[in-house]
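Reviewing the structure listed below.
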Amino acid sequence: MDLTIIVPTYNEGPNVVELLGRIGEVMTGRDFEVLFVDDSTDDTPAVVQAAAATTSFPVRLLHRDTATDGLGGAVLEGFAAARSPWCLVMDGDLQHPPETIPSLLDRAAVGDVDVVVASRYAAGGTSKGLADATRTTVSRASNLLTKAMFPRKLAGCSDPMTGFFLLNRDAIDIRALHPRGFKILLEVLARRQLRIAEVPFNFAPRHAGASKASFTQGIRFLTQLTMLRFGRMSAFALVGGFGAVANLVIMWGLMRLGVEYVVAAVIASEVTIIGNFLLLEYLVFADMRSESGLMRHRFLKSFTFNNAEALIRIPVMWLLVEGTHLSAVFAAALTLVAAFIVRFVFHALVVYAPRRSRAAAATRARQVVGQHADP
Ligand code: GDD
Ligand code: MN
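For the sequence shown, my numbering assigns the number 229 to the initial residue and increments by one for each residue that follows.
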């Protein structure tokens, strides 16, 4: 097998037949396999299964029941399950025209690169298929921001956010990659200096169905950038900093309402403890959730830790205020900073410590179909 075409899908049923048909047309005479990594909640798996029976090339389906790592995780699973070193990743909604695949393969065949990126922003490419002016602006702006953050590694790439690329799996360390957010190519390129080539393509409108892009994905992307550039601790610090400010604002607000400062500090702490946990879950440690047991167990650990911390911190703050006549809010700020490092270590090493839960094991259970699906 020369090539694995990895197609991540989430409820893309109406696009499957058209996609496979057009792939078949442009790929005649080549030895390849199409691998759907599917997280759908609808009948997409059945549609793939039915279509797979009619194609002249092998089609495999890897259905994940309880995956929480989204598009990025699906692509990583695809790399791991591929039967060839060269993997082509493309969307299942035909925004990435199969007709571009041969030019990607031809470029890789020159033999001097690890990855060939299908770019909307290279000369000759277009991004007309982006839904609206907002999406276009967001795409352009995040492109600039990303390239500014990784000026050297992304020097050869005009579209690090594309989901359409051809990659030599042997050039990357799959296990070092984190499946966060939609932008898996960025994850690949930011980790290790790869030899990059580009081929322009026309980003088409969606064939059928609805986009899964969202505001949440946007926030995830910003977290991903922060973590790639500055590491997890800075993302944690960002969330912690936000929590600390929220904590002080709530405390100040309550004191203005006449609440006594110790009581105000307690209420402000509880509110921010819960808020921070949610931000850690969905942003900072999103890539570690699936392997670290149940959310309610993580919440219990995090909540207990933070309350124990507050139990120590609030008397310390009281001692500071009464003993040294610092202002209440300043004393609170001091103790919050001191607590930060301990909290990071506890969360990274205890709360999100990997351990396989039943749910994670179920994620690994998969279905395999296709007429050439023998391993
Ligand atoms: N397995 C799996 N799991 N697939 C997913 C998931 C998921 O949680 N979420 C989305 N997908 C699949 C979709 O079914 C589709 O095939 C592809 O990923 C892209 O999702 P869209 O919903 O079409 O997103 P988009 O068009 O906004 O984003 C695309 O364009 C971006 C550039 O603007 C993607 O190609 C991005 O990778 C690309 O960066
Ligand atoms: Mn799309």
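Here a beta-carbon is modelled for each residue, glycine too, at the ideal position from N, C-alpha and C.
- Work out the CA separation of Glu327 and Ile251 for me, nearest whole Å. 7 Å
- Item | Heavy atoms of the ligand GDD versus C-beta positions, residues under 6 Å | Matched residues: Pro236, Thr237, Tyr238, Glu240, Val265, Asp266, Asp267, Gly298, Leu299, Ala302, Asp319, Gly320, Asp321, Gln323, Ser367, Met389, Thr390, Gly391, Phe410, Lys411, Ser439, Lys440 and Ala441.
- Return the first residue and the last residue of the beta strand (DSSP E) that Val265 is part of. Phe260 to Asp266
- Query: So what's Pro330 in DSSP terms, helix, strand or just coil?
  - Reply: helix
- Task: For Glu498, write down the residues that DSSP places opposite it in a beta bridge.
- Result: Paired residues: none, contrary to the question.
- Task: Flag Arg434 as yes when its Cβ comes closer than 8 Å to any non-hydrogen atom of the ligand ATP, and as no otherwise.
- Result: With respect to the ligand ATP, the structure shown offers nothing to examine, as its ligands consist of the ligand GDD and the ligand MN.
- Query: Which residues in the same chain as His483 place their Cβ atom closer than 8 Å to its Cβ, once the five residues preceding and following it in sequence are excluded?
  - Reply: Correcting the residue identity first, residue 483 is Met in this sequence and not His. If we look at Met483 and ignore the five residues flanking it on each side, its Cβ neighbours are Tyr489, Ala492 and Ala556.
- Who are the Cβ neighbours of Leu263 in its own chain at under 6 Å, not counting the five residues just before and after it? Thr232, Ile234, Arg288 and Gly306
- the region 317 to 325 contacting the region 428 to 447, beta-carbon criterion three pairs below 8 Å: yes
- Item | Where the beta strand (DSSP E) through Asn396 begins and ends | Phe393 to Asn396
- Message: On a Cα-Cα basis, can you pick out the residue from Gly469, Ala560 and Phe392 that is closest to Val549?
- Response: Ala560
- Just curious, the alpha helix (DSSP H) that Pro428 is in, first and last residue? Looking at the DSSP string, Pro428 is not in any alpha helix (DSSP H); the run it does join, the beta strand (DSSP E), is Ile424 to Pro428.
- Of the listed residues Thr451, Ala336, Ala310 and Arg368, nearest to Met229 (C-alpha basis): Ala310
- For Ala183, which residues of its own chain have a beta-carbon under 6 Å away from its beta-carbon, when the five flanking residues on both sides are left out? No answer is possible for residue 183: it lies beyond the span of the chain, which begins at 229 and ends at 603.
- Where Lys381 falls, given that 16 or more other Cβ within 10 Å makes a residue buried: Around the beta carbon of Lys381, a 10 Å sphere encloses 16 or more other beta carbons of the protein chains shown; the residue is thus reported as buried.
- Message: Quick check: the region 400 to 419 against the region 524 to 535, are at least 3 beta-carbon pairs closer than 8 Å?
- Response: no
- Task: Go through its chain and collect everything with a Cβ distance to Thr390's Cβ below 7 Å, but skip five positions before and after it.
- Result: Within the same chain, Thr390 has close Cβ partners Val345, Ala346, Ser347, Arg348 and Leu413.
- Query: Does the pairing of the region 263 to 279 with the region 459 to 473 give three or more beta-carbon distances under 8 Å?
  - Reply: no
- Task: Can you grab the Cα-Cα spacing for the pair Ala359 / Gly471, in whole Å?
- Result: Taking the straight line joining both Cα atoms gives about 34 Å.
- Message: Tell me the rounded alpha-carbon separation between Cys315 and Gly249.
- Response: Between Cys315 and Gly249, the C-alpha separation is close to 19 Å.
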